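Novice:
Right, here's the structure in full:
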């Protein structure tokens, strides 16, 4: 049973380019969460998605950031026109569809570096 | 107000000794989960232990135990018989139910150094 998968593991972009981060949840999990971790800080919630629905995007910056979780394929976190401040580790987590308060399972993260 | 507070930015422990990492939380939800994650220098988030708000017994997983004191809203992690490989960042986290949107909230972390 494969865990949460994220790719790429490392991504380097120049200012102004676009970054696309992908997340495949664990098998049987239909809820996906994205978190951002700045250096020496804890993870901060960004967005919560179910298939084809954004449930909670209260942690997403208002501009340049978007997320989707299509019916088929991985969840995508998209950052347009990246700036140096976007450099961080981005983690995806998934959980089963029971809407409980059990553990979320995290992927290995994508480290984004903006030059 | 901080929902998860970890007051120890760094901790040192001698190899083979026990260490307690502190965590307090704040919620008005009746149903919530408390977690500890380990983040080694490689960066991944490793799930260690879970305590449900309705669980009466303290959770244990091998050398990890969670000292859950509901009235005090504390969920300290105890690591027994520390090993060099335990050196890492440790995050306390809480997942609230419907009112909290089922998302996980993390503390700022405690960096643990295990000395040989």
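Chains as they are written, first to last, in my numbering: chain W, 1 to 115; chain S, 1001 to 1116.
The beta-carbon is built from N, C-alpha and C at its ideal position, and this holds for glycine as well.
If you're wondering where the values come from, they're calculated on a predicted model, not measured in any experiment.
1) If you reduce the DSSP assignment to three classes, tell me which class residue 1033(S) lands in.
2) Hey, which unbroken runs of the beta strand (DSSP E) at 3 residues or more fall wholly within the segment 32–87 of chain W?
3) Using alpha carbons as the reference points, say which of 39(W), 84(W), 29(W) lies closest to residue 69(W).
4) Pick from 1023(S), 1015(S), 1103(S), 1111(S): whose alpha carbon is nearest that of residue 1089(S)?
5) So residue 1101(S) contacts chain W; which residues on that side make the cut at Cβ distance below 7 Å?
6) Quick check: the segment 1040–1051 of chain S against the segment 1070–1090 of chain S, are there 3 or more CB pairs under 8 Å?
7) Does chain W have any CB closer than 8 Å to the CB of residue 1011(S)?
8) Quick one: Cα of residue 1078(S) to Cα of residue 97(W), how far?
9) Since residue 1092(S) sits in a beta bridge, which residues does DSSP pair it with?
10) Among 1023(S), 1019(S), 1014(S), 1011(S), which residue has its Cα nearest to the Cα of residue 1073(S)?
11) Between which two residues does the beta strand (DSSP E) carrying residue 1115(S) extend?
12) Please confirm whether residue 1056(S) has its beta-carbon closer than 8 Å to some beta-carbon of chain W.
Specialist: Short version:
1) The count along the second chain starts at 1 and reaches residue 1033(S) at position 33. In the structure shown, residue 1033(S) sits in a strand (DSSP, three-state: E or B).
2) 43–50, 53–56, 65–68, 75–79
3) On the first chain, position 69 is the one that residue 69(W) refers to. Cα-wise, what sits closest to residue 69(W) is 29(W).
4) The count along the second chain starts at 1 and reaches residue 1089(S) at position 89. Nearest option by C-alpha distance: 1111(S).
5) By one-based count along the second chain, residue 1101(S) stands at place 101. The answer, in chain order, is 48, 56.
6) yes
7) Position 11 of the second chain holds residue 1011(S). No, because no Cβ of chain W sits closer than 8 Å to the Cβ of residue 1011(S).
8) Taking the second chain and counting its residues from 1, one reaches residue 1078(S) at position 78. Taking the first chain and counting its residues from 1, one reaches residue 97(W) at position 97. The C-alpha of residue 97(W) is placed about 31 Å away from the C-alpha of residue 1078(S).
9) Residue mapping note: residue 1092(S) aligns to position 92 of the second chain, counting from 1. Partner residues in the beta bridge of residue 1092(S), as assigned by DSSP, are 1036(S).
10) The residue you call residue 1073(S) lines up with position 73 of the second chain. The shortest Cα separation from residue 1073(S) among 1023(S), 1019(S), 1014(S), 1011(S) belongs to 1023(S).
11) The residue labelled residue 1115(S) in the question sits at position 115 within the second chain. Where residue 1115(S) is concerned, the enclosing beta strand (DSSP E) stretches over 1110–1115.
12) Against the second chain, residue 1056(S) aligns to sequence position 56. No, no contact with chain W.
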